[in-house]
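Following full-length UniProt numbering, the numbering of the sequence shown begins with 1 at its first residue and continues without gaps.
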Amino acid sequence: MDNENIEDANLEDRTNVIYDSEFQVGQITSTDLYHPEPIQIPTRVREELENRQHICVTSLSCVAVHQLYLLELISQHRPRQINDDNLERELRRTQLMTQLLESEKCRDVIRMGPEAFRQLCQKLRGTGRVKDSTRSTVEEQVAKFLHIIGHNVKTRTMSFFFHRSGETISRHFHNVLHAILSLEGDFFRQPSGEEVK
1 MDNENIEDAN LEDRTNVIYD SEFQVGQITS TDLYHPEPIQ IPTRVREELE NRQHICVTSL
61 SCVAVHQLYL LELISQHRPR QINDDNLERE LRRTQLMTQL LESEKCRDVI RMGPEAFRQL
121 CQKLRGTGRV KDSTRSTVEE QVAKFLHIIG HNVKTRTMSF FFHRSGETIS RHFHNVLHAI
181 LSLEGDFFRQ PSGEEVK
């Protein structure tokens with residue numbers, strides 16, 4: 001019998017808990033759901049949470065900056081893809097220079113013989129002002145310069161024949177011009193009064 005009394009007491013307790021919770025739920029209004037009372041957090045706990053939030057934001061910012069830096073490094077050191085158009089342009093430039101130096105047209109195009117042209121290129125290369133680059137040789141740069149001054153050609157026209165941008169043609173022209181001007185002492189002599197009759 002004692003077991004039955006214990007079970008009845010437990011059942012009665014459970015029923016009271018259910019009635020109490022129903023009573024509490026019935027007292028909640030819709031405004032309580034939309035405007036709950038703010039939770040009071042002790043100052044020390046709030047400061048700790050703010051400190052952790054600050055650390056998280058700082059850490060994420062550092063990771064993002066590091067990722068951007070790595071992307072920049074990867075993009076700089078990635079080998080450039082050469083498409084068919086670039087290969088074709090490079091082939092045309094090589095053929096043009098070969099044709100120029102191995103044909104009788106050299107004097108007509110750059111107003112200079114092939115041997116004199118090679119010597120001039122060697123001399124300019126020696127000054128260090130005109131250098132071979134990954135995309136252009138000294139010979140190509142000097143040939144463009146000589147053709148421009150020999151025929152009074154615009155850089156736009158040269159960019160069509162050499163498949164280069166106008167800016168590249170202009171830069172090469174000025175590099176060769178400065179290199180030739182640096183050789184002034186070797187090639188240009190002012191006449192003295194004795195030579196003039």
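Glycine included, C-beta positions come from ideal geometry on N, C-alpha and C.
Same chain, Cβ closer than 7 angstroms to residue i, five either side skipped, listed in chain order
{"i": "residue 83", "result": "none"}
{"i": "residue 157", "result": "none"}
{"i": "residue 64", "result": "none"}
Range covered by the alpha helix (DSSP H) that runs through residue i
{"i": "residue 97", "result": "84-102"}
{"i": "residue 183", "result": "Residue 183 -> no alpha helix (DSSP H), and no H or E assigned at all."}
{"i": "residue 51", "result": "43-77"}
{"i": "residue 149", "result": "138-151"}
{"i": "residue 214", "result": "The requested residue 214 does not occur in the structure, where the chain is confined to residues 1 to 197."}
{"i": "residue 156", "result": "155-162"}
{"i": "residue 135", "result": "No alpha helix (DSSP H) holds residue 135; DSSP gives it neither H nor E."}
{"i": "residue 107", "result": "106-110"}
Spatial distance of residue i from residue j (CA atoms)
{"i": "residue 120", "j": "residue 127", "result": "11 angstroms"}
{"i": "residue 73", "j": "residue 191", "result": "58 angstroms"}
{"i": "residue 155", "j": "residue 94", "result": "19 angstroms"}
{"i": "residue 70", "j": "residue 179", "result": "40 angstroms"}
{"i": "residue 48", "j": "residue 57", "result": "14 angstroms"}
{"i": "residue 44", "j": "residue 62", "result": "27 angstroms"}
{"i": "residue 150", "j": "residue 125", "result": "21 angstroms"}
{"i": "residue 133", "j": "residue 99", "result": "21 angstroms"}
{"i": "residue 42", "j": "residue 59", "result": "26 angstroms"}
{"i": "residue 172", "j": "residue 51", "result": "59 angstroms"}
{"i": "residue 46", "j": "residue 77", "result": "47 angstroms"}
{"i": "residue 17", "j": "residue 67", "result": "With a pLDDT of only 47 at residue 17, under 50, the local geometry of the prediction cannot be trusted, and the value read off the model is given with reservation. Taking the straight line from one Cα to the other gives about 56 angstroms."}
Residue i and residue j closer than 8 angstroms at C-beta
{"i": "residue 141", "j": "residue 176", "result": "yes"}
{"i": "residue 182", "j": "residue 129", "result": "yes"}
{"i": "residue 144", "j": "residue 138", "result": "no"}
{"i": "residue 117", "j": "residue 96", "result": "no"}
Residue i beta carbon near the ligand SAM (any heavy atom closer than 7 angstroms)
{"i": "residue 90", "result": "For the ligand SAM, the structure offers nothing, since it holds no ligand at all."}
Same chain, Cβ closer than 6 angstroms to residue i, five either side skipped, listed in chain order
{"i": "residue 103", "result": "none"}
Same chain, Cβ closer than 8 angstroms to residue i, five either side skipped, listed in chain order
{"i": "residue 105", "result": "99"}
Flag this pair as touching only if the region 99-114 and the region 156-167 have three or more C-beta atom pairs under 8 angstroms; answer yes or no.
Contact fails: fewer than three Cβ-Cβ distances are below 8 angstroms.
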